[in-house]
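Numbering (the working numbering), first residue to last: 67 to 273. The beta-carbon is built from N, C-alpha and C at its ideal position, and this holds for glycine as well. Notes for the one structure printed next.
Laid out in structure tokens, this is it:
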């Protein structure tokens with residue numbers, strides 16, 4: 067029995083060491099300095115995806131991300147934040163938060179990606195976006211009211227601030243607990259990005 071227990075401990079230690087060796091600071095992920103405050107509940111670790119609807123890499127990442135979300139660790143609280151580097155990015159950030167406010171985001175998130183990248187539709191202004199969202203159970207005016215609302219404006223300003231504070235240089239980027247950032251530039255492929263995110267979430271949970 068003692069031998070079995072010792073072997074179990076050795077295997078566990080070996081697996082932890084392997085994870086430490088596999089993902090390294092400066093190679094697979096970077097530290098955010100200073101760290102950005104989060105507002106998740108005790109025992110939870112925030113994992114943020116910074117994205118842009120116009121980004122082809124974000125579109126490619128989406129199926130892998132959606133599959134991961136179905137079985138992500140229970141301690142991870144996942145949040146999407148639209149990155150804002152330029153005016154056309156802000157337009158899509160407003161659309162994201164307007165859809166969220168209207169309660170149609172679950173129906174429109176992937177649909178807008180498809181419309182832009184698969185159907186090649188030019189959805190880069192309020193008018194074209196209002197017409198697009200009108201196909202999802204709201205009127206164009208309801209979309210415009212949400213798009214131009216104070217609440218959406220506040221969330222977009224916050225997204226702009228987070229884009230700067232996280233120190234990202236591109237999307238998609240993954241932020242773990244406001245402390246670490248990773249992406250394909252660091253981790254390589256999309257699956258590895260999410261493995262690094264899980265590794266960092268576990269690291270934060272044990273802190």
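Would you mind sorting residue i into buried or exposed? The rule is 16 or more other CB atoms within 10 Å of its CB.
i: residue 99; result: exposed
i: residue 137; result: exposed
i: residue 184; result: exposed
i: residue 205; result: exposed
i: residue 133; result: exposed
i: residue 239; result: buried
i: residue 252; result: buried
i: residue 173; result: exposed
i: residue 227; result: exposed
i: residue 135; result: exposed
i: residue 181; result: buried
Tell me, to the nearest whole angstrom, how far the beta carbon of residue i is from that of residue j; I am working on the premise that it is less than 8 Å.
i: residue 148; j: residue 117; result: 6 Å
i: residue 150; j: residue 241; result: Not confirmed; about 15 Å, so no contact.
i: residue 141; j: residue 92; result: No, residue 141 and residue 92 are not in contact; Cβ-Cβ is about 25 Å, not under 8 Å.
i: residue 213; j: residue 161; result: 7 Å
i: residue 170; j: residue 203; result: 6 Å
i: residue 225; j: residue 267; result: Actually they do not touch by this definition, with Cβ atoms about 22 Å apart.
i: residue 194; j: residue 188; result: 6 Å
i: residue 264; j: residue 139; result: 6 Å
i: residue 192; j: residue 210; result: 7 Å
Look at the Cβ atom of residue i, then the Cβ atom of residue j, and state whether they are nearer than 9 Å.
i: residue 247; j: residue 96; result: yes
i: residue 168; j: residue 119; result: no
i: residue 179; j: residue 154; result: no
i: residue 271; j: residue 145; result: no
i: residue 215; j: residue 164; result: yes
i: residue 249; j: residue 104; result: no
i: residue 121; j: residue 262; result: no
i: residue 143; j: residue 107; result: yes
What are the start and end residues of the beta strand (DSSP E) that includes residue i?
i: residue 113; result: 111 to 117
i: residue 248; result: 246 to 249
i: residue 259; result: It is not in any beta strand (DSSP E) - residue 259 instead sits in the alpha helix (DSSP H) that spans 256 to 271.
i: residue 240; result: 239 to 242
Beta carbon of residue i: closer than 8 Å to some heavy atom of the ligand SAH?
i: residue 145; result: Within the structure as shown, the ligand SAH is missing, as the structure has no ligands at all.
Does residue i come out as helix, strand or coil in the three-state DSSP assignment?
i: residue 222; result: helix
i: residue 101; result: coil
i: residue 232; result: coil
i: residue 189; result: coil
i: residue 252; result: helix
List the endpoints of the continuous alpha helix (DSSP H) containing residue i.
i: residue 206; result: 206 to 213
i: residue 148; result: Premise fails: residue 148 lies in the beta strand (DSSP E), 142 to 148, not in any alpha helix (DSSP H).
i: residue 176; result: 171 to 183
i: residue 129; result: 122 to 135
i: residue 193; result: 192 to 199
i: residue 107; result: Unbroken run through residue 107: none, as it is neither H nor E.
i: residue 158; result: 153 to 168
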